[in-house]
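I have placed the structure first, in the form of structure tokens, so that the comments after it can refer back to it.
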Amino acid sequence: MAKFRIAVHITPRKGLLDPQGNAVKSALQTLGFKNVKDVHVGRYVILETDAYDAIEAEENVTDMCRKLLANPVTEDFEIESAVHA
Amino acid sequence: MKFGIVTFPGSNCDYDAYHAVTEVLGEEAVYLWHKDHDLQGSDVIILPGGFSYGDYLRVGAIARFSPIMEEVAAHVKAGGPVLGICNGFQIACEAGLLPGALLRNAHLQFVSDAVRIRVENTETMFTDLYERGEVLRIPVAHGDGRFVATEETLNRLEGEGRVVFRYVDAAGNVSPSSNPNGSERSIAGIINDSGNVLGLMPHPERACSPLLGSSDGVRLLESILTKVAA
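Chains as they are written, first to last, in the numbering used here: chain S, 1 to 85; chain L, 86 to 315.
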């Protein structure tokens with residue numbers, strides 16, 4: 001067993017109305033960042049987990065995302081490669 | 086009839102539900118602690134409003150794993166009625182008892198107001214005493230009430246008559262301004278495919294006496310009484 005650190009990005013499902021992202025976008029445009037075309041606000045979760053190898057750690061975290069960390073109806077998730085913690 | 090009202094850490098409408106059941110309906114009610122594994126013989130379960138677990142992660146996401154939810158799921162499977170109000174609706178969706186999800190209001194503001202909802206289906210154990218198309222005045226108080234689901238799910242809900250309540254204006258018409266949170270198709274409440282789990286964002290338990298500005302919520306509870314006792 002070794003300890004791994006994995007980060008997960010959870011974002012609103014594409015195509016769904018993202019009022020928080022829109023509010024941040026208009027705030028940025030008001031500040032003068034006129035080139036901003038699209039903003040989405042999600043969550044960034046960092047986990048430390050024990051596993052035999054990186055592949056097992058990533059599988060475990062994928063399972064965690066499906067069961068709790070992300071809502072399958074409204075969110076997408078992407079997990080980063082596991083690194084030794 | 087015995088109503089079990091689940092108290093999660095952060096529930097705050099459990100007392101309102103208790104009052105409505107005991108004082109208005111004149112029925113028995115018990116509080117069910119979220120850590121217990123016992124429904125205490127309750128015939129009907131109410132998942133009340135509030136901010137369970139501080140709305141951490143997502144609304145309703147953590148409450149779904151409370152020990153008592155295992156018994157609630159078994160109660161549902163056995164055909165027992167469950168009424169999810171506001172946060173209780175969010176929890177029921179997260180628990181997979183109802184389809185879809187509830188997201189942040191489209192205008193990003195918390196909405197606390199008396200809204201009007203139209204009864205779309207009276208052939209349920211929760212709406213038997215209403216007239217089809219009847220417009221009710223019921224309060225809402227939520228920041229995350231925007232109902233979303235896939236097009237396929239929405240079409241199925243509509244086709245099977247499972248959209249039970251819809252936000253409307255005083256004349257009973259659906260319009261963008263009568264939708265307080267941006268819910269898909271102005272959906273305010275839905276029922277599961279077996280017809281024993283109702284989830285809605287408005288608070289019928291807060292509309293149960295003229296003193297509160299409306300009594301329109303009473304018949305929802307009375308419907309359960311007549312249908313379940315029958």
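C-beta: ideal position from N, C-alpha, C; glycine also.
Inset, instruction - Spell out a yes or no on whether the stretch 160 to 169 of chain L and the stretch 115 to 131 of chain L are touching, meaning 3 or more CB-CB pairs, one atom from each, closer than 8 Å. - result: Here the stretch 160 to 169 of chain L makes contact with the stretch 115 to 131 of chain L; the two share three or more CB pairs at distances below 8 Å.
Inset, instruction - Can you tell me the Cβ-Cβ gap for LEU110(L) and LEU306(L), rounded? I've got them flagged as a contact below 8 Å. - result: By one-based count along the second sequence, residue 110(L) stands at place 25. By one-based count along the second sequence, residue 306(L) stands at place 221. The Cβ separation is near 5 Å, so the contact holds.
Inset, instruction - Spell out whether any CB of chain L is found under 7 Å from the CB atom of THR30(S). - result: Taking the first residue of the first sequence as 1, we reach residue 30(S) at position 30. Not a single C-beta of chain L is nearer than 7 Å to the C-beta of THR30(S).
Inset, instruction - Measure how close the beta-carbons of GLY32(S) and PRO12(S) come, nearest whole angstrom, since I'm counting them as under 8 Å. - result: Working through the first sequence from its first residue, we reach residue 32(S) at position 32. Working through the first sequence from its first residue, we reach residue 12(S) at position 12. Not a contact, Cβ separation roughly 26 Å.
Inset, instruction - Mind checking which residues open and close the beta strand (DSSP E) that includes ILE131(L)? - result: Locating residue 131(L) in the second sequence gives position 46, counting from the first residue. Looking at the DSSP string, the run of the beta strand (DSSP E) that includes ILE131(L) is 129 to 132.
Inset, instruction - Indicate the three-state DSSP secondary structure (helix, strand or coil) for TYR252(L) in the structure shown. - result: By 1-based counting over the second sequence, the position of residue 252(L) is 167. TYR252(L) falls in the strand class under three-state DSSP.
Inset, instruction - Return no unless some Cβ of chain S is closer than 7 Å to the Cβ of ALA256(L). - result: Here residue 256(L) corresponds to residue number 171 of the second sequence, with the count starting at 1. Residue-level contact by beta carbon fails for ALA256(L) and chain S, as no gap is shorter than 7 Å.
Legend entry - the stretch 193 to 203 of chain L in contact with the stretch 95 to 110 of chain L per 3-pair CB rule at 8 Å: Between the stretch 193 to 203 of chain L and the stretch 95 to 110 of chain L there are fewer than three inter-stretch CB-CB distances shorter than 8 Å, so the stretches are not counted as touching.
Inset, instruction - Measuring only between beta-carbons, confirm whether ARG270(L) sits less than 7 Å from chain S. - result: By 1-based counting over the second sequence, the position of residue 270(L) is 185. So no, ARG270(L) is outside the interface.
Inset, instruction - With PHE77(S) as the anchor, note down where its beta strand (DSSP E) starts and where it stops. - result: Position 77 of the first sequence, counted from the start, is the residue given in the question as residue 77(S). Its beta strand (DSSP E) spans residues 75 to 79.
Inset, instruction - Taking the CB atoms as reference points, tell me whether PRO152(L) and LYS120(L) lie closer together than 7 Å. - result: Position 67 of the second sequence, counted from the start, is the residue given in the question as residue 152(L). Position 35 of the second sequence, counted from the start, is the residue given in the question as residue 120(L). At the C-beta level, PRO152(L) and LYS120(L) come within 7 Å of one another.
Legend entry - Ranges of the alpha helix (DSSP H) found wholly within the stretch 141 to 168 of chain L, counting only runs of at least 4: Listed in chain order, the complete alpha helix (DSSP H) runs (minimum 4 residues) inside the stretch 141 to 168 of chain L are 153 to 162.
Legend entry - Span of the beta strand (DSSP E), counted from its first residue to its last, around THR87(S): Examination of residue 87(S) is not possible in this model, given that chain S is present from 1 through 85 alone.
Inset, instruction - On the DSSP bridge assignment, give the partners of ARG231(L) in chain order. - result: For the purposes of this step, residue 231(L) is taken as the residue at position 146 of the second sequence. Secondary-structure assignment with DSSP links ARG231(L) through a beta bridge to LEU188(L).
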